[in-house]
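Novice: Please read through the structure below; I'll follow up with questions.
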Amino acid sequence: MVFFFQNLINALQWGSFYALIALGYSMVYGILMLFNFAHGDIFMVGAYIGFGVATGVTALASLGAIVLPNWLILVLTIIISMFLTSFVGILVERLGYRPLREAPRASAAITGLMIGIILETGNLALLGARRVRFPSLIESTTYNIGGVYVTNKKIMIVGVSLMLMLALHQFVRRSKYGMAMRAMAFDHVVLPLMGVSINTIAAMTFAIGSALAAAAGILFGIAYPVLDPYMGIVFGWKAFVAAILGGRGSILGATLAGFLLGFIEIFVAMIFPSTLRDFIAYSIILLILTFRPHGFFGEPYSARLRL
Amino acid sequence: MCYFVSWCLCGEGKKCIMALLEVKKMSHEFGGLRAVNSYNLEIEAGQIRGLIGPNGAGKTTIFNLITGIYKPTEGDIILDGKEITGLQPHKIAAFGIGRTFQNLQLWRHMTVVEHVKLARYSRISYGLIGAFFGTPKRQKQEAEIEEMAHNLLKMIGIDHLSDQVVTNLPYGDQRRVEMARALSMEPKILLLDEPTAGMNPEELIQMMEIIRRIHKELGMAIFLIEHRLKVVMDLCHMIQTLNFGHVIAEGTPEEIQNNPKVIDAYLGRESVV
Numbered sequence: 036m037v038f039f040f041q042n043l044i045n046a047l048q049w050g051s052f053y054a055l056i057a058l059g060y061s062m063v064y065g066i067l068m069l070f071n072f073a074h075g076d077i078f079m080v081g082a083y084i085g086f087g088v089a090t091g092v093t094a095l096a097s098l099g100a101i102v103l104p105n106w107l108i109l110v111l112t113i114i115i116s117m118f119l120t121s122f123v124g125i126l127v128e129r130l131g132y133r134p135l136r137e138a139p140r141a142s143a144a145i146t147g148l149m150i151g152i153i154l155e156t157g158n159l160a161l162l163g164a165r166r167v168r169f170p171s172l173i174e175s176t177t178y179n180i181g182g183v184y185v186t187n188k189k190i191m192i193v194g195v196s197l198m199l200m201l202a203l204h205q206f207v208r209r210s211k212y213g214m215a216m217r218a219m220a221f222d223h224v225v226l227p228l229m230g231v232s233i234n235t236i237a238a239m240t241f242a243i244g245s246a247l248a249a250a251a252g253i254l255f256g257i258a259y260p261v262l263d264p265y266m267g268i269v270f271g272w273k274a275f276v277a278a279i280l281g282g283r284g285s286i287l288g289a290t291l292a293g294f295l296l297g298f299i300e301i302f303v304a305m306i307f308p309s310t311l312r313d314f315i316a317y318s319i320i321l322l323i324l325t326f327r328p329h330g331f332f333g334e335p336y337s338a339r340l341r342l
Numbered sequence: 185m186c187y188f189v190s191w192c193l194c195g196e197g198k199k200c201i202m203a204l205l206e207v208k209k210m211s212h213e214f215g216g217l218r219a220v221n222s223y224n225l226e227i228e229a230g231q232i233r234g235l236i237g238p239n240g241a242g243k244t245t246i247f248n249l250i251t252g253i254y255k256p257t258e259g260d261i262i263l264d265g266k267e268i269t270g271l272q273p274h275k276i277a278a279f280g281i282g283r284t285f286q287n288l289q290l291w292r293h294m295t296v297v298e299h300v301k302l303a304r305y306s307r308i309s310y311g312l313i314g315a316f317f318g319t320p321k322r323q324k325q326e327a328e329i330e331e332m333a334h335n336l337l338k339m340i341g342i343d344h345l346s347d348q349v350v351t352n353l354p355y356g357d358q359r360r361v362e363m364a365r366a367l368s369m370e371p372k373i374l375l376l377d378e379p380t381a382g383m384n385p386e387e388l389i390q391m392m393e394i395i396r397r398i399h400k401e402l403g404m405a406i407f408l409i410e411h412r413l414k415v416v417m418d419l420c421h422m423i424q425t426l427n428f429g430h431v432i433a434e435g436t437p438e439e440i441q442n443n444p445k446v447i448d449a450y451l452g453r454e455s456v457v
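Written out as structure tokens, the structure reads:
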């Protein structure tokens, strides 16, 4: 039982990363009906931006220019990096996807892959082919709760993730932009006639998705402090699986499926040798999709009518 | 050109009423095809204007040009003294043009009241802070919107459906939702593209009643495309007839009914409804 709860905690942390990234895939799909295949690499860029910001802020603090407690450095790092990475998302939308909005979906998908490669190799060119170490912003403390070991980092990671998801939920439900996003899933022609700018909403969606990916990147960096330019590929693919599993365009679905993916991976690794982890985990997901091809919360129809 | 008074001097010093919506020599080409040719229109405040013509005459194209979905190849569109030619659709909408569609264009999985609310998009001014924390400003605006939505839906006769998802509603009610959505923007002029298309006789009479009520209670200028001549003849003060992108006749319902060109091109030689 203790063993189970130990893995549950690990699965929650692991699932947080997937869920945060999957949200970006799902939101963009929800409004533009395309998958932004560069999203995994935006996660990577977010982690690197977080690395830069954290290093910068820590350096300033150690020089005595500013006196800050560690937790505040962490909060600042997350906020500043999310803000900066959102502009990467806006740029990707503006330069990569907007010119292809009316193009066949395949072209847009390929664009995503190319942007991904550009981001990876751009990072290589900029920082060189070495891994960087994410600064440890908070001291690790381990609590023993009835035999289950929980670190403060794990609590922080899960807590911050849940907070961001809740904020996103509020945003979509309560702001006019969120309402416009939901309507944009149905049409791009009528919405402007109600005074809504499609381009603004698209840019905003990319910005939010990228900011969430950046948060995931930083949290990942805190848990596993080694970053490399290709870290976004596998993570991006897996989060993409979560987005599909949750149901394309569904925010709740992406969140739950992200956590589910984390659970499946961790619990498979708990029972089977870890080399078989992904093999078995993704076979299970393949099986789920066979019976529920449109995911948990997706809509059964695939073609949406446009004017 | 005068912007501030509706009565003003125009041209050679004679008094005239300035049009609310004015279209001057507008043309549009699709590839080589001239879908709309040197089209002129003047609608005054409070007027109901009809646009009729056979299929493919270019009626919906004219709506799409006025609302900015297409950009005219030539010509000017002036709304309430402001030049709106070539602006983006969301800006034109915010200047005061509301519209419904020939084929229903609703956000199918959203509720009726959400349609009405979202059409207030450019008027909602509370930002993210308001959305997250429910500031007094948000509460005030939301209350205003709720009240406005309630009154509007009541006028259209669908206030009992406000929390229904539109995809579950019968066809006639969905048409009313479109109408409510367009009105919720508080437009200066309402463009209706075949408001009675696909309706049964009972729904048709109700819809005509709603259009009359909108005109009477809100004093709104209405520009409508219609296939059913009974509807146009009953509702409109002035009617334009379009054929192959040209206006072939313009006048009061009586004039149109008796115009030989119209009878020839559109009504057929035998009978007039």
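Sequence lines, in order, name chains A and B. Per this note's numbering, the very first residue in the first sequence carries number 36; after that it's consecutive. Per this note's numbering, the very first residue in the second sequence carries number 185; after that it's consecutive. Glycine residues also receive a C-beta, built at the ideal position from the N, C-alpha and C atoms.
(1) My output table needs one value for ILE342/B: the three-state DSSP class, helix, strand or coil.
(2) Would you say SER337/A faces chain B, with C-beta separation under 9 Å as the test?
(3) Return no unless some Cβ of chain B is closer than 9 Å to the Cβ of SER232/A.
(4) Which two residues bound the contiguous beta strand (DSSP E) that contains ILE222/B?
(5) Please determine, among LEU217/B, HIS399/B, LYS445/B and GLY314/B, the residue with the shortest C-alpha to C-alpha distance to LYS211/A.
(6) Helix, strand or coil, according to DSSP, for ALA82/A in the structure here?
(7) Checking 9 Å against the spacing of the C-beta atoms, do ILE281/B and ILE395/B come in under that value?
(8) Would GLN323/B be called buried (16 or more neighbouring beta carbons within 10 Å of its own) or exposed?
(9) To be precise: take each residue of the segment 212 to 225 of chain A, compare its Cβ to all Cβ atoms of chain B, and keep it if any distance is under 9 Å. Which residues remain?
(10) Does LEU342/A have its Cβ less than 9 Å from a Cβ in chain B?
(11) GLY197/B by DSSP, collapsed to three states: which one?
(12) In angstroms with no decimal places, state the Cα-to-Cα distance between ALA251/A and LEU197/A.
(13) Consult DSSP for ILE298/B and reduce its assignment to one of helix, strand or coil.
(14) Is there a C-beta anywhere in chain A that falls below 9 Å from the one on TYR272/B?
(15) Counting Cβ pairs closer than 8 Å, one from the segment 69 to 84 of chain A and one from the segment 152 to 162 of chain A, do we hit at least three?
(16) Is it buried or exposed for TYR305/B, if we count other Cβ within 10 angstroms and need 16 for buried?
(17) Quick one: which unbroken beta strand (DSSP E) runs of 3-plus residues sit fully inside the segment 256 to 335 of chain B? Chain order, please.
(18) Name the chain A residues whose beta carbon is nearer than 9 Å to that of GLU298/B?
(19) Show which residues of chain A have a CB atom less than 8 Å away from the CB atom of LEU402/B.
(20) Is DSSP giving GLU378/B helix, strand or coil here?
(21) Would you mind working out which of HIS334/B, PRO437/B and ILE432/B sits nearest ASP418/B, comparing C-alpha positions?
(22) LEU228/A and TYR53/A: beta carbons closer than 9 Å?
(23) Cα-Cα, which of ILE398/B, GLN325/B and THR251/B is closest to LEU205/B?
(24) Counting pairs of beta carbons, one from the segment 346 to 362 of chain B and one from the segment 289 to 302 of chain B, are three or more of them closer than 8 Å?
(25) So what's MET198/A in DSSP terms, helix, strand or just coil?
(26) Residues bridged to PHE275/A by DSSP?
(27) Let me know the secondary structure DSSP gives TYR184/A once reduced to three states.
(28) Using only CA atoms, which one of PHE221/A, ARG217/A and VAL225/A lies nearest to ARG365/B?
(29) DSSP on ASN352/B, reduced to helix/strand/coil?
(30) So, under 8 Å CB-CB, GLY281/A and ALA292/A are touching, yes? Tell me the CB distance rounded to an integer number of Å.
(31) Just list the residues that DSSP pairs MET422/B with in beta bridges.
(32) Do MET404/B and LEU353/B have their C-beta atoms within less than 9 Å of each other?
(33) Counting pairs of beta carbons, one from the segment 240 to 257 of chain A and one from the segment 188 to 197 of chain A, are three or more of them closer than 8 Å?
(34) For GLY282/A, name the three-state secondary structure that DSSP assigns.
(35) Output the distance between the C-alpha atoms of GLY131/A and THR240/A, rounded to the nearest integer angstrom.
(36) Between PRO256/B and SER211/B, which are expected to be in contact by the criterion C-beta below 8 Å, what is the C-beta distance as a whole number of angstroms?
Specialist: On the basis of the coordinates in this document:
(1) Within the second sequence, residue 342/B is the residue found at index 158, counting from 1. Of the three classes helix, strand and coil, the one that applies to ILE342/B here is coil, per DSSP.
(2) Translated into the one-based positions of the first sequence, residue 337/A becomes position 302. Note that SER337/A scores a pLDDT of 45, beneath 50, so its modelled location is shaky; the value from the coordinates is reported in the next line. So, not an interface residue.
(3) Mapped onto the first sequence, residue 232/A falls at position 197. So yes, SER232/A belongs to the interface.
(4) Working through the second sequence from its first residue, we reach residue 222/B at position 38. For clarity, residue 222/B is Ser in the given sequence; the question names Ile instead. From DSSP, the beta strand (DSSP E) with SER222/B extends over 217 to 227.
(5) To locate residue 211/A, count along the first sequence from 1; it is residue 176. Of LEU217/B, HIS399/B, LYS445/B and GLY314/B, the residue nearest in Cα terms is GLY314/B.
(6) Reading the first sequence from its first residue, position 47 is the one you call residue 82/A. Helix, per DSSP.
(7) Here residue 281/B refers to the residue found at position 97 of the second sequence. Here residue 395/B refers to the residue found at position 211 of the second sequence. Contact: no.
(8) Taking the first residue of the second sequence as position 1, residue 323/B is located at position 139. Under this definition GLN323/B is an exposed residue.
(9) TYR212, GLY213, MET214, ALA215, ARG217, ALA218, MET219, ALA220, PHE221, ASP222, VAL224 and VAL225
(10) Position 307 of the first sequence, counting from 1, holds the residue named residue 342/A. Per-residue confidence for LEU342/A stands at a pLDDT of 27, beneath the threshold of 50, marking its modelled position as unreliable; the derived number appears in the next sentence. Cβ-Cβ to chain B under 9 Å: yes for LEU342/A.
(11) Here residue 197/B corresponds to residue number 13 of the second sequence, with the count starting at 1. Caution is warranted here: a pLDDT of 48 is assigned to GLY197/B, below 50, making its placement in the model unreliable, and the coordinate value is therefore given only provisionally. Here GLY197/B sits in coil by DSSP.
(12) Translated into positions along the first sequence, residue 251/A becomes position 216. Translated into positions along the first sequence, residue 197/A becomes position 162. Cα-Cα distance, rounded: 11 Å.
(13) Stepping through the second sequence from its first residue, residue 298/B is reached at position 114. The residue asked about is misnamed: residue 298/B is Glu in this sequence, not Ile. GLU298/B falls in the helix class under three-state DSSP.
(14) Along the second sequence, read from residue 1 onward, the residue named residue 272/B stands at position 88. The amino acid occupying residue 272/B in the given sequence is Gln; Tyr does not appear at that position. Yes, contact with chain A.
(15) yes
(16) On the second sequence, position 121 is the one that residue 305/B refers to. Label assigned to TYR305/B: buried.
(17) 258 to 263 and 281 to 283
(18) Looking up residue 298/B in the second sequence gives position 114. What GLU298/B touches in chain A: MET214, ARG217 and ALA218.
(19) Here residue 402/B refers to the residue found at position 218 when the second sequence is read from its first residue. Within chain A, no residue comes near LEU402/B; the closest Cβ sits about 18 Å away, beyond 8 Å.
(20) To locate residue 378/B, count along the second sequence from 1; it is residue 194. Note: GLU378/B maps to coil in three-state DSSP.
(21) Along the second sequence, one-based indexing puts residue 418/B at 234. Of HIS334/B, PRO437/B and ILE432/B, the residue nearest in Cα terms is PRO437/B.
(22) Against the first sequence, residue 228/A aligns to sequence position 193. Against the first sequence, residue 53/A aligns to sequence position 18. No. Outside cutoff.
(23) Locating residue 205/B in the second sequence gives position 21, where the first residue counts as 1. Nearest option by C-alpha distance: THR251/B.
(24) yes
(25) Translated into the one-based positions of the first sequence, residue 198/A becomes position 163. Three-state result, MET198/A: helix.
(26) Residue mapping note: residue 275/A aligns to position 240 of the first sequence, counting from 1. In the DSSP output, where bridge partners are listed per residue, PHE275/A has none listed.
(27) Numbered from its first residue, the first sequence carries residue 184/A at position 149. Looking at TYR184/A - three-state DSSP - the assignment turns out to be strand.
(28) Walking along the second sequence from the start, residue 365/B turns up at place 181. Selected option, being the one with the closest Cα: VAL225/A.
(29) For the purposes of this step, residue 352/B is taken as the residue at position 168 of the second sequence. Correct three-state label for ASN352/B: helix.
(30) Position 246 of the first sequence, counted from the first residue, corresponds to residue 281/A. Position 257 of the first sequence, counted from the first residue, corresponds to residue 292/A. Right, their Cβ atoms sit about 3 Å apart.
(31) Against the second sequence, residue 422/B aligns to sequence position 238. Answer is ARG233/B, bridged to MET422/B.
(32) Your numbering for residue 404/B matches position 220 in the second sequence. Your numbering for residue 353/B matches position 169 in the second sequence. No, they are not a contact pair.
(33) yes
(34) Position 247 of the first sequence holds residue 282/A. The answer is coil: DSSP assigns GLY282/A none of H, G, I, E or B.
(35) Along the first sequence, read from residue 1 onward, the residue named residue 131/A stands at position 96. Along the first sequence, read from residue 1 onward, the residue named residue 240/A stands at position 205. Each residue's Cα considered, the two are about 15 Å apart.
(36) Numbered from its first residue, the second sequence carries residue 256/B at position 72. Numbered from its first residue, the second sequence carries residue 211/B at position 27. Confirmed, Cβ separation roughly 7 Å.
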